[in-house]
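Peer 1: Would you mind keeping the following structure in view while I ask a few things?
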Amino acid sequence: MERYSGFGVESHPGFDDRGLSEEAPDGRQQLWAEVRGWTPPSSLVLAWQLAGNPLAPTVVAVTFEAVDDGTRVTLVHDGWAAGVPGRQQYEKYCDWPLILARYARFMGAAPGLD
């Protein structure tokens, strides 16, 4: 988490009335994204602004699909700026597969699950 955190390993992300935020041990908060759409239990759409411009957020769309004995989680992150700024945004968030694999393990999936 430390690499993806604004406050370090003792912080934790969570949803609140503003959206998805990270909270530091001392109570400071950083807004990562605002919820733009929520259709339980199948999808979540976020206006992603972490380390970006809150006036021009990217879009993270997450879908949840029941499969055999679990749930398939699909994440699409788009809405990048044009040119060099967009490439920099994309490079910053190219670790979604690693982040989702860690989440899957946290939720009880076997290591190496795609």
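All residue numbers for the sequence shown refer to the working numbering, where the first residue is 2 and numbers rise by one.
Glycine residues also receive a C-beta, built at the ideal position from the N, C-alpha and C atoms.
These figures come from a predicted structure and were not determined experimentally.
1) What's the C-alpha gap between Gly84 and Thr59?
2) By the DSSP assignment, the beta strand (DSSP E) with Arg103 in it spans what residues?
3) Helix, strand or coil for Glu92, going by three-state DSSP, please let me know.
4) Taking 8 Å as the cut-off, decide whether the C-beta atoms of Phe8 and Ala25 are in contact.
5) Curious, which full-length beta strand (DSSP E) runs of at least 3 residues does the stretch 57–94 contain?
6) Tell me the DSSP secondary structure of Arg29 in three-state form.
Peer 2: On the basis of the coordinates in this document:
1) Distance from the CA of Gly84 to the CA of Thr59, rounded to the nearest whole angstrom, comes to 14 Å.
2) No beta strand (DSSP E) contains Arg103, which is instead part of the alpha helix (DSSP H) from 97–107.
3) Glu92 sits in a helix when the DSSP states are folded into three classes.
4) Going by C-beta atoms, Phe8 is nearer than 8 Å to Ala25.
5) If we require 3 residues or more, the beta strand (DSSP E) runs fully inside the stretch 57–94 come out as 59–68, 71–79.
6) Looking at Arg29 - three-state DSSP - the assignment turns out to be coil, as it is neither helix nor strand.
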